[in-house]
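Trainee: Pasting in a structure now, in structure tokens, and then I'll have a few things to ask.
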Amino acid sequence: MVDLVFDGVVVAKAQVNIALIKYWGKAPAGRPEETNLPAVPSLSVSLDGLWTETSVRFDPDAATDHVTLDGERLEGEPLARCVALLDRVRELSDVASPFAVQSTNHVPTAAGLASSASGMAALAAAAVRCAGLGSGTGELASRIARIGSGSAARSIFGGWVAWDGPAARSLFPRDHLDVAVVIAIVDAERKTIGSRIAMNRTRESSPFYKGWVEQSQDTFVEGCEALERRDLVGLISAMEASTMRMHACAMGARPPILYWKPPSLAVIEQVQRLRSDGDLVLGWTMDAGPNVKVLCPGHDVQRVADTLARVDGVQRILISRPGRGVFVDVR
Ligand code: 2P0
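The sequence shown: position 145 = 354 (our numbering), numbered continuously.
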């Protein structure tokens, strides 16, 4: 262990991401660094304007890591996830010192969007840089972010991102495909069952889990190939299949996991209506919560947003576009 540590502050900003092809299930983990290895490959896009900013410094005089999020000190399970990530940074850098962490979410609290991806990505990026392990913007930061939260591995990179191993990787830059994402918020409450518990319960008790894992590589390849040829219709088809299969798999767990609310289904039906009316290309996805995210070409975004805002039960609409990767600054 070394006693001398970097005494500056590192600030990182990372954006949230949404999966088009879903991560739902973990590979068996033996060692701590194998935490959250995915059982299935996923494909995501980074979302502009929805981010977490985190500052990290060494605090050699402290007894343990201390982490504040939006001014509140973390304890229990949320703190334990950060400590697991920071332990890996200490192990790799051979530094024993605790860290002091301050984090602020710039994801609207009413959005019901998971900010663990942006939060853990920003934490990993800043800690990697602070510990002298590299830029904080590459493969190592992605591996370490994954320990905090699986989907955070993808938030290190901007644009279109694949995650099918220990770290995520950039597939295409943000302007590869001109799309917008309309988020229809139907319920801003915290989800009743967290995705980590839900994923594990699905693996342990859903008879559909085996089929989900078996089909995952084909759906992933289908999505990546459609994206490569800028085929939004093909990408949407793979995205909706992955979404439906993920939720079907979770619904088959004991006790069953159901994230959908009546307005979620109303939004999906409206998307299907707009599509069958003929002149719009658009598709929907849902994650571990009731809000619906709709992908459409950038130039159609206002029309889609206005239509979805009128669906019964939609409380609020957010609009985003493909975003940048993590940004790291040393002060
Ligand atoms: C995803 N989700 O690919 C999937 C789709 C939700 C539905 O990744 O246990 O917070 O920390 O690895 O990453 C949400 O789960 O779970 C998620 P952990 P995470 O975006």
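Glycine included, C-beta positions come from ideal geometry on N, C-alpha and C.
All of these numbers come straight from a predicted model, not from anything done at the bench.
1) Under 8 Å: do the segment 484-495 and the segment 258-278 share three or more Cβ pairs, one atom per stretch?
2) Start and end of the alpha helix (DSSP H) containing V480?
3) I need the DSSP call for K419, collapsed to helix, strand or coil.
4) For S255, which option in V395, A289, S344 and A362 has the closest C-alpha, if you only look at C-alpha atoms?
5) Would you check if there are 3 or more beta carbon pairs closer than 8 Å linking the segment 418-431 to the segment 521-539?
6) If you count every other CB in all the chains shown that lies within 10 Å of the CB of V442, and 16 or more means buried, which is it?
7) Taking the beta strand (DSSP E) that G492 falls in, what are its first and last residues?
8) What residues sit near the ligand 2P0, counting only those whose C-beta is closer than 5 Å to one of its heavy atoms, in chain order?
9) Touch check for the segment 512-525 and the segment 332-347: three-plus C-beta pairs under 8 Å?
10) Tell me whether the segment 490-509 and the segment 471-478 touch, counting them as touching only if at least three CB pairs, one residue from each stretch, are closer than 8 Å.
11) What is the rounded straight-line gap between the Cα of V292 and the Cα of T244?
12) Just tell me which of R463, H315, D440 and I392 has its CA closest to the CA of S473.
13) From V316 to V304, what distance separates their C-alpha atoms?
14) For the segment 368-444, which segments carrying the alpha helix (DSSP H) assignment without a break, of at least 4 residues, lie completely within its bounds, in sequence order?
15) When the distance is taken between beta carbons, is G217 closer than 8 Å to R266?
16) Between the C-alpha atoms of G532 and D270, what's the straight-line distance to the nearest angstrom?
17) If I follow the unbroken alpha helix (DSSP H) through V513, where does it start and stop?
18) Any idea which residues DSSP pairs A221 with across the strands?
19) Please report the distance separating the alpha-carbon of R530 from that of E286.
20) Can you look up D521 in the DSSP assignment and give me helix, strand or coil?
21) Determine the direct distance from the alpha carbon of T401 to that of R525, and round the result to whole angstroms.
22) Is it the case that the Cβ atoms of Q426 and P237 are separated by a distance below 8 Å?
Mentor: To lay it out plainly:
1) no
2) Against the sequence shown, residue 480 aligns to sequence position 271. In the DSSP annotation of this structure, the continuous segment of the alpha helix (DSSP H) that includes V480 starts and ends at P471 to D486.
3) Residue 419 sits at position 210 when you count from the first residue of the sequence shown. Note: K419 maps to helix in three-state DSSP.
4) Position 46 of the sequence shown, counted from the first residue, corresponds to residue 255. Among V395, A289, S344 and A362, the Cα nearest to that of S255 is on A362.
5) No, the segment 418-431 does not touch the segment 521-539.
6) Residue numbering aside, residue 442 sits at position 233 when the sequence shown is read from its first letter. Exposed: under 16 other Cβ atoms inside 10 Å.
7) In the sequence shown, the residue the question calls residue 492 occupies position 283. From DSSP, the beta strand (DSSP E) with G492 extends over G492 to M495.
8) That query returns the following residues: A228, K231, Y232, N245, S251, S325, S358, G359, S360, S404, R405, D496 and A497.
9) No, the segment 512-525 does not touch the segment 332-347.
10) yes
11) In the sequence shown, the residue the question calls residue 292 occupies position 83. In the sequence shown, the residue the question calls residue 244 occupies position 35. C-alpha separation (whole angstroms): 13 Å.
12) In the sequence shown, counting from the first residue as 1, residue 473 sits at position 264. Here the closest residue by C-alpha is I392.
13) Residue 316 sits at position 107 when you count from the first residue of the sequence shown. Residue 304 sits at position 95 when you count from the first residue of the sequence shown. In a straight line, the C-alpha of V316 is about 32 Å away from that of V304.
14) 404-414 and 418-437
15) Counting from 1 along the sequence shown, the entry for residue 266 is found at position 57. Counting from 1 along the sequence shown, the entry for residue 217 is found at position 8. Yes; because the gap between Cβ atoms is below 8 Å, this pair is in contact.
16) Position 323 of the sequence shown, counted from the start, is the residue given in the question as residue 532. Position 61 of the sequence shown, counted from the start, is the residue given in the question as residue 270. Their Cα atoms are separated by approximately 38 Å.
17) Residue mapping note: residue 513 aligns to position 304 of the sequence shown, counting from 1. From DSSP, the alpha helix (DSSP H) with V513 extends over V510 to A518.
18) Reading the sequence shown from its first residue, position 12 is the one you call residue 221. Its beta-bridge partners are T263 and V537.
19) Numbered from 1 along the sequence shown, position 321 holds the residue referred to as residue 530. Numbered from 1 along the sequence shown, position 77 holds the residue referred to as residue 286. Spanning the two alpha carbons is a distance of roughly 32 Å.
20) One-based indexing of the sequence shown puts residue 521 at position 312. Looking at D521 - three-state DSSP - the assignment turns out to be coil, as it is neither helix nor strand.
21) Along the sequence shown, one-based indexing puts residue 525 at 316. Along the sequence shown, one-based indexing puts residue 401 at 192. One C-alpha to the other measures close to 20 Å.
22) Here residue 426 refers to the residue found at position 217 of the sequence shown. Here residue 237 refers to the residue found at position 28 of the sequence shown. Not closer than 8 Å, so no.
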